[in-house]
Each structure stands twice: as structure tokens, then as C-alpha cells.
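Start counting the sequence shown at 2; every next residue gets the next number (this note's numbering). By construction, the Cβ of each residue, glycine as well, lies at the ideal position given by its N, Cα and C atoms. Scroll down for the structure; my scribbles are underneath it.
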Amino acid sequence: TLTEIGNNCPNLRTLELAKLIYLSDRGFKNLVKGCNNLEKMDLEECQSITDTSLIQISIHCPYLQSLTLSNCERISDEGLRYLCSSYAGQTQLRELELDNCKLITDASIDHILQGRQLQRVDLYDCLRITRNGIKHLKTRRSDLIVHAYFPPDTPPVQQHDPVHNRVCRCCVLL
2 TLTEIGNNCP NLRTLELAKL IYLSDRGFKN LVKGCNNLEK MDLEECQSIT DTSLIQISIH
62 CPYLQSLTLS NCERISDEGL RYLCSSYAGQ TQLRELELDN CKLITDASID HILQGRQLQR
122 VDLYDCLRIT RNGIKHLKTR RSDLIVHAYF PPDTPPVQQH DPVHNRVCRC CVLL
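Below you can see the structure in the form of C-alpha cells.
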């Protein structure tokens with residue numbers, strides 16, 4: 002169990018838990034409490050974890066250098082505030098992957114800026130992060146590698162065209 006790993010693996014440096022969709026905040030807390038030497042953590046697609054897990058990371062993982070939270074759709078600005086204001090977030094974290102975290106907004110940009118050692122941040126498909134937010138991030142940290150993508154605006158549907166009214170706005174026939 003996660004508690005056993007936490008109790009018996011205090012020198013664990015890398016933790017790969019990607020795609021454990023049923024990983025809970027409580028189970029995660031029991032794990033990281035005993036694994037204080039973690040440097041790399043992959044929680045991609047751990048869809049049940051919330052900001053509570055980020056609080057536990059900020060408390061128990063002072064050496065964390067790389068964190069993947071892509072597709073953790075319950076992570077929000079509040080959780081990133083805790084993470085990025087922690088010792089690890091400010092002095093150790095070098096890579097932060099937040100692809101498809103649907104609840105984070107431009108408010109997280111200022112939290113991310115606290116990471117003095119941060120070298121790369123991935124924000125693909127974070128629909129509430131705007132171009133202005135990315136511009137602010139790049140202005141304040143021109144050395145930071147930022148991966149973000151903004152889909153092109155969908156073409157408007159022509160109201161009087163019966164062919165186009167039968168398809169969605171993304172599927173306009175040419």
C-alpha cells in the first residue's frame with residue numbers, strides 16, 4: 002500500500018504514479034509523509050487528487066525538482082499557490098508540467114513566478130490561461146521555457162447557410 006511505501010522507503014527519489022485515477026488525497030498524504038527525499042514526481046492523469054495533495058507536497062517534499070500534474074483536472078490556483086510558495090517551489094523546482102489542468106487561471110502565473118529555479122513550465126490546453134498571462138510570465142522571466150498552445154478561433158457559423166447550420170462550428174465545410 003501507499004502507507005507502506007511511505008513508511009519503508011524514506012530515501013525514494015523518483016515517484017511514478019501516472020494514470021492512477023483512483024489515487025486519493027488521503028493515500029497520497031500517507032505516501033509523501035515518509036518520502037521526504039523525493040526529487041521527481043509524475044502524477045499525470047491522477048484525476049482524483051486535488052489541491053490537498055499539492056499542500057502535502059509543499060510540506061513534505063523539500064527537494065522536489067520535477068513535478069508532472071498534467072491532466073489532474075482538480076488542481077486549481079489555490080493548490081499551485083501552496084506549491085509555489087513552499088521551499089521546494091521557490092528554490093528547488095525546475096520543471097512543472099500542468100498540461101490540461103482546467104481549473105488553473107492567470108492567477109497561477111504569479112504563483113509560478115515565485116520559482117526562482119524554474120526552467121520549464123508546460124501549460125498546454127490550460128483553457129483559463131490567456132495569451133496575456135503567458136506574455137506576463139515571459140516578460141517577468143524571459144529565461145523560462147514556456148510551452149503553451151492556443152487553438153485558433155473557430156470560424157463563425159453563417160446563419161443563412163443551411164449546409165453549415167447542420168455541423169458544429171469547428172466542422173465548417175469548405
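Among the bridge pairs identified by DSSP, E98 is matched with T69 and D123. The three-state reading of DSSP puts E5 in helix, counting H, G and I together. Restricting attention to L124, T2, H137 and T140, the CA atom closest to the CA of P152 is found in L124. Counting only unbroken stretches of 3 or more residues, the beta strand (DSSP E) elements lying wholly within the region 15-48 are 15-17 and 41-43, in sequence order. Under the Cβ criterion (8 angstroms, minimum of three pairs), the region 86-93 counts as touching the region 57-74. In the three-state DSSP reduction, I56 falls in the helix class (H, G or I).
G28 has its alpha-carbon roughly 33 angstroms from the corresponding atom of I146. Boundaries of the alpha helix (DSSP H) around I110: A108 to I113. Relative to the Cα of E5, the nearest Cα in the group R129, S49 and K30 belongs to K30.
Cα atoms of R121 and K41: separation of roughly 14 angstroms, rounded to the nearest angstrom.
Of all alpha-carbon atoms in H112, T140 and G80, the one lying nearest the alpha-carbon of L55 is that of G80. Closest in C-alpha terms to H61, from the list I22, G7 and E46, comes G7.
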